[in-house]
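Under our numbering, think of the first position of the sequence shown as 268, with each following residue one higher. Reviewing the structure listed below.
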Amino acid sequence: MSSNLAGSREATVPTRVDAVIVGAGFSGLYMLHKLRETGLNAVVLEAGDGVGGTWYWNRYPGARVDVEGFDYSYSFSADLQEWEWSERYPAQPELLRYLDHVADRFGLRRDIRLSTRVTSAHYDEAATLWTVCTERGQAYRATWCVMATGCLSSAQLPAIDGIGDFAGEWFHTAHWPVGGVDFTGKRVAVIGTGSSGIQSIPIIAEQAARLTVFQRTAAFAIPARNRDLEPGELDELKAHYPELRDRARHGIVGMSRIAEGSTSALDATADQRQQVFEEIWAAGTLSGLTTSYRDVMTDRTVNDQVADFVRGKIREIVDDPDTAERLCPRGYPFGAKRPCLHTGYYATYNRDNVRLVDVSENPIERLSARGVVVGGTEHEVDAIVFATGFDAMTGSLAAIDIRGRSGRTLRDKWSAGPITYLGLQSAGFPNLFLVAGPGSPSVLTNMVMSIEQHVEWIADCIGYARERGVVAVEATERAERDWVHHVNDVSNALLYSEASTWYLGANVPGKPRVFMPYAGGLGAYRKRCDAVAAAGYDGFVLTAG
Ligand code: N01
């Protein structure tokens, strides 16, 4: 409970708005803009001290997006073409500046409350209103509540004994200090080799006296070939803006310039395949290998060809054959665990001050006051970086006490895994919308394109309801049951379930193993959502006031 008198007084006098939006990242900013356009009085509640969401929190060394900046930016406003990306894959500071620019450009800040963490959202059936409360003791009453809380925003520390015993400094990549960290002259451990680890390891290695990387699962990483954009390069893209954006909106992964192969790799000769893979490797794209042939994610033989190709590249780069073998991913299909885009990652292991400790068979036992203990050996370090990921897709929602009709909690409803209709709503929680929720393409695509599609759909739905005097929009149980089956059917036909990943919740002890995103592709998903809307919001019950 807040000790702040003003705060507790506010709690008894809720602020009445049409809509509460939780989160001020890419989703929340655009949601606010769209709801204003729809004529709503909306407020955004954001836990951080600034806007930006993911790009506010993830300030670790080397943090940069792995989708090209041209694609990883809003497409809804021609005005925003004014933004000049400096690099092919923009780094965190530039992305944060961009989102700050968007907040200013559309005058969003006056309706954003920073340093305001939402603790609960309860539905009042009689009043058809949500009451949203914050850690600071404020309360808001709203007809509509939009969770723009992000798919990867609930950071995970591993369940390793002795974290409290470690006498040095430790950091999580997703909660990096704003002023940065100077590792000069230090002995540093990085635990985790997913995207965050793979981006930060080369930079930390350049600074630290010694870097020890603790790897449990080797990742497939593709060189980013990041570079400054040439003068005029962006103008060239902007000259084809509508066409490129349209391609991204309707493609599988939401990117404008990723070739989506329609042929089988099995119909190509070994030389032809090699040439295709080499071209993609040289181009430096995250999804290029996955979409190179139509059967990379359905046929294990084809998938093995891609995996062998990447392993061959790792062996070419890493000097020490033993280290190279340990860096070669094995035991799961390429693409089933999210691939990474890297800059100098594998070559980092050729440095004298970098060591790789394989903890796949011998897990980290504990942290001691002086370091990390594995197999009875204490690896002494001055600082530890946890690049250990997130309680993905559901973690940030589970952190809020969300109660729908009859007081039922979302945590309870989702205890065996998330249940949604289109990843947009869950039955029993009227007027509560999820942006990029579980059951939507979200993390399998360029997030910005998926977010725009959701925000526009939600705003249209709310506008439709208001025009008709509808006070409650709620997914039916039948519609969500059918959708969950469909999501499962689609992922079961692919190779995703053959890896233990955060897509499945496998990285969080006790989390039910359910493949959470929708793997049917953004374009097909968009068509489905459009058809639902065109049919008067098929699968939803619309209740007039
Ligand atoms: O997290 P992760 P992340 N002992 O979950 C290891 C997006 N992203 O922050 O695989 C030892 O991928 C764990 O090992 P294992 C992107 O979608 C995007 O790196 O569970 N190791 C794994 O290696 C990405 O996929 C960008 O066996 C332990 C690592 O920690 C997602 O965020 C940049 C351990 C966690 O990897 C998450 O990426 C960054 C333990 N006890 C992130 N516990 C870009 O756009 C966990 N691990 C570029």
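Glycine included, every Cβ here is placed at the ideal spot set by N, Cα and C.
Same chain, Cβ closer than 7 angstroms to residue i, neighbours up to 5 away in sequence not counted
i           : result
residue 330 : 358, 359 and 466
residue 552 : 525
residue 704 : 687, 690 and 691
residue 662 : 421
residue 667 : 385, 386, 387 and 388
residue 780 : 771, 772 and 773
residue 382 : 316
Sequence-distant residues of its chain with Cβ nearer than 8 angstroms to residue i (five each side left out)
i           : result
residue 517 : 789, 790 and 793
residue 800 : 724, 727, 728 and 731
residue 356 : 331, 332, 333, 334, 335, 336, 491, 493 and 608
residue 534 : none
Heavy atom of the ligand N01 within 7 angstroms of residue i beta-carbon
i           : result
residue 813 : Given that the chain is displayed from residue 268 to residue 812, the structure contains no residue 813 and the question cannot be resolved.
residue 360 : no
residue 463 : yes
residue 774 : yes
residue 578 : no
residue 445 : no
residue 417 : no
residue 483 : yes
residue 631 : yes
residue 681 : no
residue 427 : yes
residue 605 : yes
residue 320 : no
residue 626 : yes
residue 769 : yes
residue 615 : no
residue 656 : yes
residue 371 : no
residue 384 : no
residue 432 : no
residue 513 : no
Contact test: residue i Cβ vs the ligand SAH heavy atom, cutoff 7 angstroms
i           : result
residue 459 : The ligand SAH is not part of the structure shown, which contains the ligand N01 as its ligands.
Proximity test, Cβ basis, 8 angstroms: residue i and chain B
i           : result
residue 560 : The question asks about chain B, but that chain is absent: this structure has only one protein chain.
Inter-residue CB distance, residue i and residue j (contact presumed, cutoff 8 angstroms)
i           : j           : result
residue 770 : residue 783 : 6 angstroms
residue 474 : residue 657 : Residue 474 to residue 657, Cβ: 25 angstroms. No contact.
residue 614 : residue 651 : Wrong, their Cβ atoms sit about 23 angstroms apart, outside the cutoff.
residue 699 : residue 397 : 7 angstroms
residue 410 : residue 285 : 6 angstroms
residue 713 : residue 521 : 4 angstroms
residue 472 : residue 618 : 6 angstroms
residue 561 : residue 523 : At roughly 19 angstroms, the Cβ-Cβ gap does not stay under 8 angstroms, so residue 561 and residue 523 are not in contact.
residue 407 : residue 310 : 6 angstroms
6 angstroms Cβ shell around residue i - same chain, five flanking residues per side excluded
i           : result
residue 695 : 671, 672 and 675
residue 363 : 319 and 322
At 3 residues or longer, and completely inside the stretch 555-618: list those beta strand (DSSP E) runs for me, N to C. 607-609
What runs of the beta strand (DSSP E), each 3 residues or longer, lie entirely inside the stretch 457-499? 477-482 and 488-490
List in chain order: all unbroken beta strand (DSSP E) runs of 3+ residues lying wholly within the stretch 653-682. 668-670
Jot down the residue ranges of each uninterrupted beta strand (DSSP E) in the stretch 691-742, minimum 3 residues, whole runs only, in chain order. 699-701 and 737-742
Could you tell me which whole alpha helix (DSSP H) segments of length 4 or greater appear in the stretch 758-804? 789-801
Could you pull out every unbroken beta strand (DSSP E) segment of at least 3 residues lying fully inside the stretch 399-437, listed in chain order? 406-414
Any alpha helix (DSSP H) of 4 or more consecutive residues that is wholly inside the stretch 524-557: 537-550
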